[in-house]
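Report on one structure; see the data block that follows.
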Amino acid sequence: MDLIQIILGVIGGLGIFLYGMHLASDGLKQSASKQLKSFLKRVTKNQVYGSGAGMVLAAVLQSSSAATVMVVGFVNAGLMTLRQSMGVVLGSAIGTTLTVQLIAFKVTDYALVFVSLGVLMFLIAKTQTIQHVGNIILGFGFVFFGMALMTNAMIPVQQSPEFMNWFVAATSNPIITILIATAFTAIIQNSAATIAIAMTLAVGGSMSMETAIAIVYGANIGTVITALISSLNASKDAQRTAVAHALFKIIGVLVFIPATFLFIQVLQTMGGSVERQIANAHTLFNIVNLLILLPFCNLFADWMTKLIKDKKSVDDFKYLDKNSLNFPTVALLNTQKELQYMAEKISERMFQPLLPIYVEEGSAVRQQIQSEEKRIDHLYRGIYHYLQEITEKKLTDDESRESLQMLYVNNDLEGISDIINELSSLSIKLEGNDILLSEWEKESIQTLFDNVFQNFQDAVECFSEKDHELATKVVHQNPAIIRLEKELRFKHFHTEGGPSSRVSSVYMDLLNGLLRINQHSVNISQTTLGMI
Numbered sequence: 100m101d102l103i104q105i106i107l108g109v110i111g112g113l114g115i116f117l118y119g120m121h122l123a124s125d126g127l128k129q130s131a132s133k134q135l136k137s138f139l140k141r142v143t144k145n146q147v148y149g150s151g152a153g154m155v156l157a158a159v160l161q162s163s164s165a166a167t168v169m170v171v172g173f174v175n176a177g178l179m180t181l182r183q184s185m186g187v188v189l190g191s192a193i194g195t196t197l198t199v200q201l202i203a204f205k206v207t208d209y210a211l212v213f214v215s216l217g218v219l220m221f222l223i224a225k226t227q228t229i230q231h232v233g234n235i236i237l238g239f240g241f242v243f244f245g246m247a248l249m250t251n252a253m254i255p256v257q258q259s260p261e262f263m264n265w266f267v268a269a270t271s272n273p274i275i276t277i278l279i280a281t282a283f284t285a286i287i288q289n290s291a292a293t294i295a296i297a298m299t300l301a302v303g304g305s306m307s308m309e310t311a312i313a314i315v316y317g318a319n320i321g322t323v324i325t326a327l328i329s330s331l332n333a334s335k336d337a338q339r340t341a342v343a344h345a346l347f348k349i350i351g352v353l354v355f356i357p358a359t360f361l362f363i364q365v366l367q368t369m370g371g372s373v374e375r376q377i378a379n380a381h382t383l384f385n386i387v388n389l390l391i392l393l394p395f396c397n398l399f400a401d402w403m404t405k406l407i408k409d410k411k412s413v414d415d416f417k418y419l420d421k422n423s424l425n426f427p428t429v430a431l432l433n434t435q436k437e438l439q440y441m442a443e444k445i446s447e448r449m450f451q452p453l454l455p456i457y458v459e460e461g462s463a464v465r466q467q468i469q470s471e472e473k474r475i476d477h478l479y480r481g482i483y484h485y486l487q488e489i490t491e492k493k494l495t496d497d498e499s500r501e502s503l504q505m506l507y508v509n510n511d512l513e514g515i516s517d518i519i520n521e522l523s524s525l526s527i528k529l530e531g532n533d534i535l536l537s538e539w540e541k542e543s544i545q546t547l548f549d550n551v552f553q554n555f556q557d558a559v560e561c562f563s564e565k566d567h568e569l570a571t572k573v574v575h576q577n578p579a580i581i582r583l584e585k586e587l588r589f590k591h592f593h594t595e596g597g598p599s600s601r602v603s604s605v606y607m608d609l610l611n612g613l614l615r616i617n618q619h620s621v622n623i624s625q626t627t628l629g630m631i
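Sequential numbering of the sequence shown, starting at 100, is according to this note's numbering.
Structural data, given as structure tokens:
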């Protein structure tokens with residue numbers, strides 16, 4: 100028995116298996132992520148539909164950990180509530196059993212057919228969709244080929260009496276076996292690979308069904324480790340979802356351990372080969388777990404909220420989630436929500452309080468605007484770098500265009516906050532000199548302000564809702580606002596202007612600043628219309 104050759108065969112086979120899973124998952128994400136977003140919007144209205152959505156989501160991603168991370172992104176982006184996410188997380192565990200079921204069909208004999216077909220489709224593809232399908236087929240081909248390599252490498256080991264004696268002793272305690280399988284799955288971040296190795300050993304007679312079932316339990320717990328670790332620095336909802344995911348698995352294992360003997364009898368009654376029985380164990384474990392825990396999903400969500408309380412500083416990002424970067428559709432949705440949040444802060448904390456500064460003593464309000472402008476700069480930088488990381492991923496044409504549009508909008512919103520900050524500082528010229536704007540000047544500025552502020556609100560809304568009709572309205576409103584500014588400028592100099600050059604300077608700067616703000620609103624609307 101050549102030990103080095105066996106180790107290389109197992110590690111190499113495992114590497115090809117994991118790469119195949121990554122390739123298939125990546126192809127599925129690229130081809131279906133946009134449809135998944137609209138699908139989840141429709142079917143997460145209750146926990147039963149949500150669990151079905153989780154099955155579909157995990158079947159596409161072929162990873163319950165990845166599915167959990169994606170669900171967290173949807174929760175952060177407001178696409179679903181924490182309560183709705185509970186059912187999706189439970190359902191996702193069932194969707195990931197697909198790969199193990201496919202392996203049990205002994206399709207490993209046809210692995211190279213899948214690889215050949217996948218490469219051929221990828222090479223001759225003229226559209227991104229066919230390329231993605233080719234990636235999916237190629238990925239599953241590598242999964243089956245890696246499985247075959249591991250199986251062949253294990254044959255000499257399984258024929259060794261020394262190995263058999265050691266293995267039986269090492270796995271005699273089911274709790275220890277569960278812990279080993281949990282640790283191994285956490286390291287390789289793939290439960291299907293762990294269960295595939297168990298199937299290989301069981302077929303060769305090196306492993307009893309009791310041990311194989313213990314490995315299934317451990318593999319299911321091991322899948323939660325990735326999500327738990329990735330949520331440590333994530334949002335509170337991310338942490339709640341990850342902890343709930345872990346509790347669901349642990350509760351399931353604790354329920355099943357005492358009934359393992361009965362569970363094995365059920366599997367044997369169902370019939371099939373040893374591989375099929377292990378694959379069925381994986382599937383049935385997650386189905387029964389869902390049926391037991393689904394009625395308590397809302398309670399779990401409430402418990403998680405009480406267990407993990409919000410502790411968010413004012414400078415934290417509300418929606419940006421680093422863990423969602425592997426799912427561009429979710430990451431872009433997070434970015435859009437963060438931009439909406441940024442626009443709301445500008446509107447409520449900067450734009451609306453601006454004019455009162457010129458009517459009454461405004462030093463406190465001015466300080467508030469200046470302080471808020473620093474927070475907006477912080478948001479701008481965070482969104483910019485987040486979008487840069489998104490653009491480094493494999494994006495569809497639509498996703499590339501959307502990320503570029505968001506970079507434009509981010510720049511325009513930051514520009515608006517800078518202008519408002521500048522305008523707030525202008526009031527210093529009037530304070531302490533007993534110089535005030537005349538009633539006409541106040542009224543005329545108010546008129547222009549109301550028009551510009553309405554245009555700003557419409558621009559933000561058309562971007563948020565992708566409302567092209569409203570975006571067109573904002574663009575068409577621009578000439579009228581420019582005319583109004585010219586009329587006010589003319590009237591100020593020819594009929595209404597006072598003797599103070601200081602007041603005239605402030606008045607002109609206000610007109611000019613509001614006009615610049617409006618141009619940024621027009622830019623946002625043009626970006627929404629695709630005019631970039």
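Glycine residues also receive a C-beta, built at the ideal position from the N, C-alpha and C atoms.
task: Examine the ligand NAP and report whether any of its heavy atoms sits within less than 7 angstroms of the Cβ of S372.
output: As presented, the structure is devoid of all ligands, the ligand NAP included, so that no description of it is given.
message: Along the chain, where does the alpha helix (DSSP H) containing F360 start, and where does it finish?
response: Position 261 of the sequence shown, counted from the start, is the residue given in the question as residue 360. Element bounds for F360: T359 to M369.
field: alpha helix (DSSP H) segment containing P455, residue limits
entry: Start at 1 with the first residue of the sequence shown, and residue 455 comes out as number 356. It is not in any alpha helix (DSSP H) - P455 carries neither H nor E in the DSSP assignment.
Closest residue to I103 among A252, D608 and I350 (Cα-Cα distance): Position 4 of the sequence shown, counted from the first residue, corresponds to residue 103. Cα-wise, what sits closest to I103 is A252.
field: T281 - containing alpha helix (DSSP H), residue span
entry: What you label residue 281 is simply residue 182 of the sequence shown in a count that begins at 1. Going by DSSP, T281 is part of the alpha helix (DSSP H) stretching over P273 to I287.
query: Under three-state DSSP, which class holds A442?
result: Counting from 1 along the sequence shown, the entry for residue 442 is found at position 343. Residue state, collapsed to three classes: helix.
query: Per DSSP, what kind of secondary structure is T250 in: helix, strand or coil?
result: As a first step, residue 250 is located in the sequence shown; it is residue number 151 there, counting from the start. T250 falls in the helix class under three-state DSSP.
- request: Take the Cβ of F562 as the centre, count every other Cβ of all protein chains shown within 10 Å, and call the residue buried at 16 or more, exposed below.
  value: By one-based count along the sequence shown, residue 562 stands at place 463. Buried is the call here.
message: Please classify H231 as buried or exposed, where buried requires at least 16 neighbouring CB atoms within 10 angstroms.
response: Residue 231 sits at position 132 when you count from the first residue of the sequence shown. With 16 or more Cβ atoms within 10 Å of its Cβ, H231 is classed as buried.
message: Considering Cα atoms alone, identify which of T368, E568 and K590 is closest to S624.
response: Locating residue 624 in the sequence shown gives position 525, where the first residue counts as 1. For the residues T368, E568 and K590, the minimum Cα distance to S624 belongs to E568.
- request: Verify whether the separation of the beta carbon atoms of R480 and S526 is less than 8 angstroms.
  value: Within the sequence shown, residue 480 is the residue found at index 381, counting from 1. Within the sequence shown, residue 526 is the residue found at index 427, counting from 1. Contact check for R480 against S526 fails: the beta carbons are separated by 8 angstroms or more.
Contact set for M607: own chain, Cβ-Cβ below 8 angstroms, skip 5 residues either direction: Within the sequence shown, the letter at position 508 stands for residue 607. Excluding sequence neighbours, M607 sits near R588 and H591.
message: Between T299, V315 and M298, which has its C-alpha nearest I279's C-alpha?
response: For the purposes of this step, residue 279 is identified with residue 180 of the sequence shown, where counting begins at 1. Relative to the Cα of I279, the nearest Cα in the group T299, V315 and M298 belongs to V315.
query: Just the Cα atoms here: how many angstroms apart are S215 and L197?
result: Here residue 215 refers to the residue found at position 116 of the sequence shown. Here residue 197 refers to the residue found at position 98 of the sequence shown. Just so you know, the alpha carbons of S215 and L197 end up roughly 22 angstroms apart.
- prompt: Considering only residues of the same chain and omitting the five flanking positions on each side of L390, which have a CB-CB separation below 8 angstroms?
  reply: On the sequence shown, position 291 is the one that residue 390 refers to. Within the same chain, L390 has no close Cβ partners at all.
query: Does DSSP put Y507 in a helix, a strand or coil?
result: To locate residue 507, count along the sequence shown from 1; it is residue 408. Shown here, Y507 sits in a helix according to DSSP, grouped into three states.
query: Out of curiosity, what's the CA-to-CA distance linking S462 and I519?
result: Your numbering for residue 462 matches position 363 in the sequence shown. Your numbering for residue 519 matches position 420 in the sequence shown. Approximately 15 angstroms between the Cα atoms of the pair.
Same chain only: Cβ atoms within 8 angstroms of V643, ignoring 5 sequence neighbours per side: Residue 643 lies beyond the stretch modelled for the chain, which goes from 100 to 631, so this question has no answer here.
- prompt: Going along the chain, which residues of its own chain have a beta-carbon closer than 6 angstroms to the beta-carbon of F283, five neighbours each way excluded?
  reply: Taking the sequence shown and counting its residues from 1, one reaches residue 283 at position 184. Excluding residues up to 5 positions away in sequence, T293 lie with their Cβ nearer than 6 angstroms to the Cβ of F283 in the same chain.
message: For a quick check, are the C-beta atoms of Q451 and S523 less than 8 angstroms apart?
response: As a first step, residue 451 is located in the sequence shown; it is residue number 352 there, counting from the start. As a first step, residue 523 is located in the sequence shown; it is residue number 424 there, counting from the start. Result no, Cβ atoms of Q451 and S523 do not sit closer than 8 angstroms.
task: Drop a sphere of 10 angstroms on the beta-carbon of G190, count the other beta-carbons inside from all chains shown, and report buried for 16 or more, exposed for fewer.
output: If you number the sequence shown from 1, residue 190 lands on position 91. By the Cβ neighbour-count rule, G190 is buried, with 16 or more other Cβ atoms within 10 Å of its own.
- prompt: Roughly how many whole angstroms lie between the Cα atoms of N622 and S543?
  reply: Here the question's residue 622 lines up with position 523 in the sequence shown. Here the question's residue 543 lines up with position 444 in the sequence shown. Spanning the two alpha carbons is a distance of roughly 25 angstroms.
field: Rounded separation between I482 and L438 - CA only
entry: Your numbering for residue 482 matches position 383 in the sequence shown. Your numbering for residue 438 matches position 339 in the sequence shown. Distance between the alpha carbons of I482 and L438: 8 angstroms.
query: When you compare only the Cα positions, how much space is there between I324 and A343?
result: By 1-based counting over the sequence shown, the position of residue 324 is 225. By 1-based counting over the sequence shown, the position of residue 343 is 244. C-alpha separation (whole angstroms): 12 angstroms.
task: On a CA-only basis, which of T495, L432, I616 and V573 is nearest N510? Give me that one, please.
output: Translated into positions along the sequence shown, residue 510 becomes position 411. Ranking the options by Cα distance to N510, first place goes to I616.
- request: Look at the alpha carbon of C396 and the alpha carbon of A326, and state the distance between them as a whole number of angstroms.
  value: One-based indexing of the sequence shown puts residue 396 at position 297. One-based indexing of the sequence shown puts residue 326 at position 227. Taking the straight line joining both Cα atoms gives about 19 angstroms.
message: Counting only beta-carbon separations shorter than 8 angstroms, does L248 have a partner in chain C?
response: You won't find chain C in this structure, because it holds only one protein chain.
- prompt: Looking at C-alpha atoms only, which residue of G112, L424, T276 and T226 is the closest neighbour of F241?
  reply: Within the sequence shown, numbered from 1, the residue matching residue 241 stands at position 142. It is G112.
query: From T224 to N289, what distance separates their C-alpha atoms?
result: Here residue 224 corresponds to residue number 125 of the sequence shown, with the count starting at 1. Here residue 289 corresponds to residue number 190 of the sequence shown, with the count starting at 1. Here residue 224 is Ala; the residue named in the question, Thr, does not match the sequence. Looking at the two C-alpha atoms, the distance is approximately 30 angstroms.
- request: Take D476 as the anchor and find which of L503, E513 and L547 has the nearest alpha-carbon.
  value: Along the sequence shown, one-based indexing puts residue 476 at 377. Of the candidates L503, E513 and L547, the residue whose Cα lies closest to the Cα of D476 is E513.
query: Does DSSP put Y118 in a helix, in a strand, or in coil?
result: Translated into the one-based positions of the sequence shown, residue 118 becomes position 19. Residue state, collapsed to three classes: helix.
query: What are the start and end residues of the alpha helix (DSSP H) that includes S290?
result: Locating residue 290 in the sequence shown gives position 191, where the first residue counts as 1. Counting along the chain, the unbroken alpha helix (DSSP H) around S290 starts and ends at S290 to V302.
- prompt: With burial defined as no fewer than 16 other Cβ atoms inside 10 Å of the residue's Cβ, what is the status of A579: buried or exposed?
  reply: On the sequence shown, position 480 is the one that residue 579 refers to. Only exposed fits A579, as fewer than 16 other CB atoms lie within 10 angstroms of its CB.
query: What do you get for P455, buried or exposed, if any count of 16 or more other CB atoms within 10 angstroms of its CB means buried?
result: Position 356 of the sequence shown holds residue 455. Residue environment for P455: exposed (fewer than 16 other C-beta atoms within 10 angstroms of its C-beta).
field: Distance, Q545 Cα to N425 Cα
entry: Position 326 of the sequence shown, counting from 1, holds the residue named residue 425. Position 446 of the sequence shown, counting from 1, holds the residue named residue 545. The straight-line gap from Cα to Cα measures roughly 47 angstroms.
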